[in-house]
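Below is one structure, written out as structure tokens; comments come after it.
2 protein chains.
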Amino acid sequence: MDFQVSFNVNNKLFVKDPDNTDLGRQIVKNAIDLIYTLGFEQFTFKKLAIEIQTTEATIYRYFENKHKLLLYILNWYWSYMEFLVMFKLQNLDNPEIKLIAVIDLLTSDLPDTSGKFDYNKKYLNQIVISESSKAYLVKDISEINKDEVFKPYKDLCSKIADLIAEYNPKYQFPKSLTTTLIESSHQQQFFADNLPKLTDVNSNNHQDFVRLFLKELLFSSIVKKV
Amino acid sequence: MDFQVSFNVNNKLFVKDPDNTDLGRQIVKNAIDLIYTLGFEQFTFKKLAIEIQTTEATIYRYFENKHKLLLYILNWYWSYMEFLVMFKLQNLDNPEIKLIAVIDLLTSDLPDTSGKFDYNKKYLNQIVISESSKAYLVKDISEINKDEVFKPYKDLCSKIADLIAEYNPKYQFPKSLTTTLIESSHQQQFFADNLPKLTDVNSNNHQDFVRLFLKELLFSSIVKKV
DNA sequence: TTAATACAATAGTAACACTATCATTTATAA
DNA sequence: TTATAAATGATAGTGTTACTATTGTATTAA
Numbered sequence: 002m003d004f005q006v007s008f009n010v011n012n013k014l015f016v017k018d019p020d021n022t023d024l025g026r027q028i029v030k031n032a033i034d035l036i037y038t039l040g041f042e043q044f045t046f047k048k049l050a051i052e053i054q055t056t057e058a059t060i061y062r063y064f065e066n067k068h069k070l071l072l073y074i075l076n077w078y079w080s081y082m083e084f085l086v087m088f089k090l091q092n093l094d095n096p097e098i099k100l101i102a103v104i105d106l107l108t109s110d111l112p113d114t115s116g117k118f119d120y121n122k123k124y125l126n127q128i129v130i131s132e133s134s135k136a137y138l139v140k141d142i143s144e145i146n147k148d149e150v151f152k153p154y155k156d157l158c159s160k161i162a163d164l165i166a167e168y169n170p171k172y173q174f175p176k177s178l179t180t181t182l183i184e185s186s187h188q189q190q191f192f193a194d195n196l197p198k199l200t201d202v203n204s205n206n207h208q209d210f211v212r213l214f215l216k217e218l219l220f221s222s223i224v225k226k227v
Numbered sequence: 002m003d004f005q006v007s008f009n010v011n012n013k014l015f016v017k018d019p020d021n022t023d024l025g026r027q028i029v030k031n032a033i034d035l036i037y038t039l040g041f042e043q044f045t046f047k048k049l050a051i052e053i054q055t056t057e058a059t060i061y062r063y064f065e066n067k068h069k070l071l072l073y074i075l076n077w078y079w080s081y082m083e084f085l086v087m088f089k090l091q092n093l094d095n096p097e098i099k100l101i102a103v104i105d106l107l108t109s110d111l112p113d114t115s116g117k118f119d120y121n122k123k124y125l126n127q128i129v130i131s132e133s134s135k136a137y138l139v140k141d142i143s144e145i146n147k148d149e150v151f152k153p154y155k156d157l158c159s160k161i162a163d164l165i166a167e168y169n170p171k172y173q174f175p176k177s178l179t180t181t182l183i184e185s186s187h188q189q190q191f192f193a194d195n196l197p198k199l200t201d202v203n204s205n206n207h208q209d210f211v212r213l214f215l216k217e218l219l220f221s222s223i224v225k226k227v
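If you're matching them up, the sequences are chains A and B in order.
At position 10 of the first sequence the residue is numbered 11 (my numbering), and the sequence of numbers has no breaks.
At position 90 of the second sequence the residue is numbered 91 (my numbering), and the sequence of numbers has no breaks.
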């Protein structure tokens, strides 16, 4: 694939739209690299400022705090993922094949894009795996949820849940199964890499393993019972 | 139930065993209350010290940092949970009934105990739901894993995975299914409470809902195919 | 040419995550 | 009972984090 993609990320997530300036895009791009390298807890605006040779104060003009920056990055990812799902499902009719395509997407790295958004897709993927739950597992979740900062995630979930309902309208838990698939896909990849005894991974290709597990989990849950 | 329980929590998790002194037990008990109230990010040793009218320095004599304290609390929880599983499964033969009992345990509050460990079980449960993944989603996971700080969690998982293998020896992913059940049980409870649109809850009793969902998920995965 | 905007440079504050020192209380053992 | 060690309290201090404020300069737009 080779085209430019661009999404309107929720404007409650930034003070000044980083998408509009070179510096803004540098901030986001280098934030991804640095969060990947240091982990979210060790990542600070100070370190990011040094990395791109600017000052903390400047970064604060774009983002209120690092949590919002993380949410911005994740929203970009979820929006992109929803776009990819839409794109890949074009011209597909069979609900089973559609769901298989979705699982493949959820367990693959993002395709590289050229142009303005040359974020490191491998890093971005790892951030989603290791850091995304920290975006919602916070005490002020109900406050930040009011700003609709989880809309892209919810939209993606709802789209996949619809596919499940299409496959088997009688299945009772399409949304919970969807979030379980998505979150489990991250967890199992993380465990396979870091705590492999918590999984059944045996090959070297962890993504293949997770893909297999999730397909089994999904289709045995939603199979139409006679 | 009414008896005293006591576990040997991994001694790499503390500097001085909090289990041996009144002050140590106060620290753990009040840490649970405070982490529940403030969330792990806002929780500090300073605030805890004020709460129990001691000083930061004193708390540092028991725990190196708040991450280790969280791990200590979670290890206590996982050890207790494994004990409860063992206890509840006594005298049960039928693997299906055993697995149902396990899911019931995973989706219920801990029973109250008297004696030294009068931790607030409702708070502890919420901490497990909201904070436990923060114990392992850290950059230095491989370092801390060397100290076997995840052993109680792994032991519990392995015990449940064995039950799955007992039910259906041909099922390929007993461990991954187990971690998925446990983690999903937390997530779905968290989502039901905070981001209900990501789930299919309709009743007021979120625990019943999660229980139903997980049983369905588990047994459709491991059903013996003809 | 003026005026606005964007950014850099610098300084400062309160909280956090510790470490160190020393005095005092408490438990224990000779 | 006294000596001794261990546990805790009190206090201080350091470097870092998470910001906010101010002021000067370069760029751009009217």
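Glycine residues also receive a C-beta, built at the ideal position from the N, C-alpha and C atoms.
The structure displayed is predicted, hence computed values, not measured ones.
Continuous alpha helix (DSSP H) stretch holding residue i: start and end
i, result
"B/E149", "It is not in any alpha helix (DSSP H) - B/E149 carries neither H nor E in the DSSP assignment."
"A/L39", "D23 to L39"
"B/N76", "K67 to L90"
"B/Y63", "E57 to Y63"
"A/I51", "F46 to E52"
"B/P96", "P96 to L107"
"A/Q43", "From DSSP, A/Q43 is part of no alpha helix (DSSP H); its letter is neither H nor E."
"A/D113", "Element bounds for A/D113: n/a, residue is neither H nor E."
"A/S221", "H207 to I223"
"A/N9", "Element bounds for A/N9: n/a, residue is neither H nor E."
"A/N126", "K122 to Y137"
"A/Q173", "First-last for A/Q173: undefined, no H or E at that position."
Neighbourhood of residue i by C-beta, 6 Å cutoff - its chain only, sequence neighbours within 5 removed
i, result
"B/I36", "F44 and I128"
"B/S80", "F8 and P153"
"B/K242", "Here chain B has residues from 2 to 227 only, and residue 242 of chain B is not among them."
"B/M2", "With a pLDDT of 48 at B/M2, under the threshold of 50, the predicted position of this residue should be treated as unreliable, and no value is reported."
"B/F46", "E57 and I60"
"A/N21", "none"
Spatial neighbours of residue i in its chain, beta-carbon cut-off 7 Å, leaving aside the 5 residues before and after
i, result
"A/I89", "Rather than Ile, the amino acid found at residue 89 of chain A in this sequence is Lys. These residues qualify, in order along the chain: A102 and L106."
"A/V202", "A193 and F210"
"A/K160", "E83 and V86"
"B/N126", "D110 and L111"
"A/Y78", "L125 and V129"
C-alpha gap between residue i and residue j, whole angstroms
i, j, result
"B/I183", "B/L111", "15 Å"
"B/F214", "A/E57", "46 Å"
"A/F41", "A/E132", "7 Å"
"A/K140", "A/L70", "18 Å"
"A/G25", "B/T180", "39 Å"
"B/P19", "B/I28", "8 Å"
"A/Q173", "B/K13", "45 Å"
"A/K216", "B/V211", "21 Å"
"B/A193", "A/N146", "14 Å"
"B/N169", "B/K225", "6 Å"
"A/H68", "B/L39", "17 Å"
"A/D94", "B/P197", "30 Å"
"B/S204", "B/Y120", "29 Å"
"A/K17", "A/T55", "16 Å"
"A/T59", "A/L75", "22 Å"
"A/K155", "A/L178", "13 Å"
"B/L199", "B/K48", "34 Å"
"A/E144", "A/Y137", "11 Å"
"A/F15", "A/F151", "14 Å"
"A/N206", "A/I104", "16 Å"
"A/D23", "A/N66", "20 Å"
"A/D148", "B/S134", "25 Å"
"B/K171", "B/P96", "14 Å"
Beta carbon of residue i nearer than 7 Å to that of residue j
i, j, result
"B/A162", "B/K176", "yes"
"A/I51", "A/N31", "no"
"A/N63", "A/V10", "Before going on, a small fix: residue 63 of chain A reads as Tyr here, not Asn. No, the pair does not count as a contact, with Cβ atoms beyond the cut-off."
"B/Y124", "B/I33", "yes"
"A/S221", "B/S221", "yes"
"A/L164", "A/L218", "no"
"B/I142", "A/N195", "yes"
"B/Q188", "B/T108", "no"
"B/M87", "B/L157", "no"
"B/I130", "B/Q190", "yes"
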